[in-house]
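**Q** Handing you this structure, nothing more for now.
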Amino acid sequence: MLPVIDIRNVHRIYESAAGYTHALKGVSLQVSRGEFLCIMGPSGSGKSTLMNTLGCLDTPTSGTFKLEGVDVSTLDDDELAELRATRLGFVFQSFNLLPRATVLRNVMLPLIYSDCPVREREERAVRALQAVSLPEAYYDHRSNELSGGQMQRVAIARALVNDPAVILADEPTGNLDSATGEMVLKTFRRLRSEGKTIVLITHDPDVAAWADRTVHIRDGKLLTDEQERALVAADHTIRSST
Amino acid sequence: MRMRDLAYETASALDANRGRSLLTVLGIVIGISAVIAMTALIGGIKQSLVGELGLNQARLVNIYLYLDRSVTLDDAHALTQMMPEYEAVAPITYASAKTTSETKSFDASVVGTEPVYFHVMGLKFLQGENFTEQDESDGALVAVLDQGAVRNLYGKHDEQVVGKTVQIGSVSYRVVGVIESDMGGSGDSGTAYIPFSTCAARLSGSWDVSGMVGLASEDTDITKIVDTTKHKIQTYYNVDDEAIEDGTYIYTMQSVIDELDTMMGAFQLIMTAVASISLLVGGIGIMNMMLTNVTERIREIGLRKALGARSSDITKQFLLESVCLCLAGGVIGILLGYLGAYALAALAGGTMASGLGLGDTTITPAIDIHAVVMATGICVLIGVLFGYYPARRAARLDPVESLHYQ
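Protein sequences, first through last, are from chains A and B. Those letters in the first sequence? Residues 436 to 677, per the working numbering, in order. Those letters in the second sequence? Residues 3 to 408, per the working numbering, in order.
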């Protein structure tokens, strides 16, 4: 079956005042439909760049990125925006809800950019909120009246509302205590069992344990679990011998 | 993005910044209310002026002849035949005579003219009716009095006098009608109007005319009629340019109105300049607030882009916000402007009217739909002009950087 995400030999080089930054150095990655993948890496490893690339917010300097078979590098800005509106769902570490808008309005926000008929919107938003088990009593609350766990579930509902090909979650539990974090991860787990494709970024091994598969990113390069273990072991050996 | 969504987003964004938005549009409010109040007052003054003069007055042409030869009634008739651009022309001869009723007497101005005179001058009959063409050809002893003359003869201006007999000079006349006093002419001092032939035979002793009054046809260009008329008189008498310049005095009410327009124009120019500066400052205020707005909402913009907003969606959203701000300012300005105009008219209308020689007329500000449409248009224009740069700045933001902006 066609992988949902198919990245081949992607390089990303930034030009900044400090010079060139080579953030991704030949990354290749395939994610199949219905997979819950975790990308782990320390800060500065290039995981955010990889996430932005997967989210069509950033384009690779070289290499190919196919989302559901569509070569993203050939699309212009408006087509990328449409892709984000219809095929991608984002969950952020800091939730990024509109504080003054109601829960329902927040969840419906992506629908105004995807030409969804007005009468369908509320129905879809309610369905998405049911999928993250947020009680109906909260639907008309302003989002800034919710707890962190509730906010993140609203954010996940917002990511779900367009029935995207992939849900991209960037440190979704980073701002939550471990109990609420677990609740959010259970939500992802359940969505995965319903057939959603999820890519989650974290630096926390406990979070990574919830995923089907984990890849590690170091200095802009991807490593499998085994390679990572070998690397860590070698690192350990070097440290203990000195 | 649908129009409906755009409207919703704009409304909620403006609602969030209500206090700040209101302060920011103050410049627009002041500019627009100044323009509206000014146009309303000038329109009101013009209206009461035209109302005072009567509708015919704009088409009225006064012709006085001082040529070195006499102009007889026959000449006047011949000239009238030559001038189809006039709907009607009445010859006039002036006299004055001691006029007496049963109880009182006074020195009246006497106008000898033809029945069409009252139509040309736009004078309304308050009692009785006009003398007739028959009276004119018979040299009948009939008279029309104005209210001033009635008051001078009978003590009060609304005395019923039709059918009574007055003595003008040495002869008795039957009063057939009373008209309102002619503001443009002798005013309130009292005038008696009698047929031209009667005046020529009994009072002035000559068939020469002192002048003529003409009513230009509706479709005539009133600005050209003075020259046309001069040219025709020149042709009739076959005299040179200099003689015609020295020997004729022709003026229209239009020239008086034009003069007023010029005066008002100067006033309008000053007010427009003040309003423009205010609108410019207001527009800069709007731009400043929109820029602050964009900076404050960088994360929101980043989020919207991540969720699929195109650059054009962001541009539209911020542009509509500034246009709505300016429009709100415009609406408040229009309301305040008319309110101010009515207040000014009520407080100082009398002073203004008498200053313009309108007597104690009240000035009612004119609500002009053109001014309202223009003010609204200006507001939209300012909104677009000063909102474009902030909106483009918002649209150009990089989504990745904006999402992580602190």
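Heads up, the beta-carbon is just placed ideally off N, CA and C, and yes, glycines get one too.
1) Decide if N290/B is buried, meaning its Cβ has at least 16 other Cβ atoms within 10 Å, or exposed.
2) With a threshold of 8 angstroms between beta-carbons, can G583/A be considered close to chain B, or not?
3) Taking only beta-carbon positions, decide if P495/A is within less than 8 angstroms of chain B.
4) Just curious, the beta strand (DSSP E) that F525/A is in, first and last residue?
5) To which residues does DSSP link I181/B through a beta bridge?
6) So with CB distances below 8 angstroms, who are the chain A contacts of M3/B?
7) Please tell me whether G481/A and L523/A are closer than 8 angstroms, where the distance is taken between their beta carbons.
8) I want to know whether the stretch 224-238 of chain B touches the stretch 91-103 of chain B - three or more CB-CB distances under 8 angstroms.
9) Taking 8 angstroms as the threshold (C-beta atoms), are F198/B and T250/B in contact?
10) For the candidate residues R468/A, H457/A, S463/A, whose alpha-carbon lies nearest to that of M436/A?
11) Closer than 9 angstroms, Cβ to any Cβ of chain A: which residues of the stretch 282-313 of chain B, in chain order?
12) Between G332/B, Y88/B, V37/B, which lies nearest to K226/B when the distance is taken from Cα to Cα?
13) Give the DSSP bridge partners of D605/A, in chain order.
14) Note down, in chain order, every chain B residue with its Cβ under 9 angstroms from the Cβ of R535/A.
15) Quick check on the burial criterion: 16 or more other C-beta atoms within 10 angstroms. Buried or exposed for T264/B?
16) Could you tell me how far apart the beta carbons of Q528/A and N610/A are, in whole angstroms, since I believe they sit closer than 8 angstroms?
17) Return the CA-CA distance between L564/A and M292/B, expressed in angstroms with no decimal places.
18) Using a Cβ-Cβ distance under 8 angstroms, would R6/B count as near chain A?
19) Do we get a CB-CB distance below 8 angstroms when we pair G616/A with the residues of chain B?
20) Any beta carbon from chain D within less than 8 angstroms of F525/A's own beta carbon?
21) Taking all protein chains shown into account, decide if A646/A is buried (16 or more other Cβ within 10 angstroms of its Cβ) or exposed.
22) Can you tell me whether DSSP reads G187/B as helix, strand or coil?
23) Any beta carbon of chain A sitting closer than 8 angstroms to that of D315/B?
24) With a cut-off of 8 angstroms, does the C-beta of P401/B fall near any C-beta of chain A?
25) Could you tell me the boundaries of the beta strand (DSSP E) in which L75/B lies?
26) Look up S98/B in the DSSP assignment and give the residues it is bridged to.
27) Enumerate in chain order the residues of its own chain whose CB-to-CB distance from L485/A is below 7 angstroms, with the five nearest sequence positions on each side excluded.
28) Listing by chain order, which chain B residues have their CB less than 9 angstroms from the CB of N541/A?
29) Counting only C-beta atoms, is R577/A closer than 8 angstroms to chain B at any point?
30) Under a CB-based cut-off of 8 angstroms, is R653/A close to chain B?
**A** Taking the geometry as given:
1) Here residue 290/B is taken as the residue at index 288 of the second sequence, counted from 1. Flag for N290/B reads exposed.
2) Position 148 of the first sequence, counting from 1, holds the residue named residue 583/A. Closer than 8 angstroms: no.
3) For the purposes of this step, residue 495/A is taken as the residue at position 60 of the first sequence. It does not: the Cβ of P495/A has no partner Cβ on chain B nearer than 8 angstroms.
4) Taking the first residue of the first sequence as 1, we reach residue 525/A at position 90. Note, F525/A: beta strand (DSSP E), 523-526.
5) Within the second sequence, the letter at position 179 stands for residue 181/B. Answer is F127/B, D148/B, bridged to I181/B.
6) On the second sequence, residue 3/B is found 1 positions in, with the first residue counted as 1. Ordered by position in chain A, the residues that pass the 8 angstroms Cβ test against M3/B are I547, Y548.
7) For the purposes of this step, residue 481/A is taken as the residue at position 46 of the first sequence. For the purposes of this step, residue 523/A is taken as the residue at position 88 of the first sequence. Not in contact: G481/A and L523/A (Cβ atoms no closer than 8 angstroms).
8) Contact fails: fewer than three Cβ-Cβ distances are below 8 angstroms.
9) Here residue 250/B refers to the residue found at position 248 when the second sequence is read from its first residue. Here residue 198/B refers to the residue found at position 196 when the second sequence is read from its first residue. Between T250/B and F198/B, the CB-CB gap reaches or exceeds 8 angstroms.
10) Sequence index remark: in the first sequence, residue 436/A carries index 1 (1-based). Measuring from the Cα of M436/A, the nearest candidate turns out to be R468/A.
11) R301, E302, G304, L305, R306, K307, A308, L309, G310, A311, R312, S313
12) Counted from its first residue, the second sequence places residue 226/B at position 224. It is Y88/B whose Cα lies nearest to the Cα of K226/B.
13) Along the first sequence, one-based indexing puts residue 605/A at 170. Bridge partners of D605/A: I636/A.
14) Start at 1 with the first residue of the first sequence, and residue 535/A comes out as number 100. Those within 9 angstroms of R535/A in chain B are S14, D17, A18.
15) By one-based count along the second sequence, residue 264/B stands at place 262. Flag for T264/B reads exposed.
16) Residue mapping note: residue 528/A aligns to position 93 of the first sequence, counting from 1. Residue mapping note: residue 610/A aligns to position 175 of the first sequence, counting from 1. Confirmed, Cβ separation roughly 6 angstroms.
17) The residue you call residue 564/A lines up with position 129 of the first sequence. The residue you call residue 292/B lines up with position 290 of the second sequence. One C-alpha to the other measures close to 34 angstroms.
18) Along the second sequence, one-based indexing puts residue 6/B at 4. Taking Cβ atoms only, chain A reaches closer than 8 angstroms to R6/B, which makes this a yes.
19) Start at 1 with the first residue of the first sequence, and residue 616/A comes out as number 181. So no, G616/A is outside the interface.
20) In the displayed structure, chain D is absent; the protein chains listed are A and B.
21) Here residue 646/A is taken as the residue at index 211 of the first sequence, counted from 1. Classification for A646/A: buried.
22) As a first step, residue 187/B must be located in the second sequence, where it is residue number 185. Residue confidence is low: G187/B scores 43 on pLDDT, short of 50, so the model does not pin down where it sits. No coordinate-derived value is stated.
23) On the second sequence, residue 315/B is found 313 positions in, with the first residue counted as 1. So, interface residue.
24) As a position in the second sequence, residue 401/B is number 399, starting the count at 1. With 8 angstroms as the cut-off, P401/B counts as an interface residue toward chain A.
25) Translated into the one-based positions of the second sequence, residue 75/B becomes position 73. No beta strand (DSSP E) contains L75/B, which is instead part of the alpha helix (DSSP H) from 75-84.
26) Translated into the one-based positions of the second sequence, residue 98/B becomes position 96. DSSP lists S111/B as partners of S98/B.
27) As a first step, residue 485/A is located in the first sequence; it is residue number 50 there, counting from the start. L459, V462, I474, I652, listed in sequence order.
28) Stepping through the first sequence from its first residue, residue 541/A is reached at position 106. Within 9 angstroms Cβ-Cβ: nothing; N541/A doesn't reach chain B, min ~10 angstroms.
29) Translated into the one-based positions of the first sequence, residue 577/A becomes position 142. Chain B places no beta carbon closer than 8 angstroms to that of R577/A, leaving this residue out of the contacts.
30) The residue you call residue 653/A lines up with position 218 of the first sequence. Cβ-Cβ to chain B under 8 angstroms: no for R653/A.
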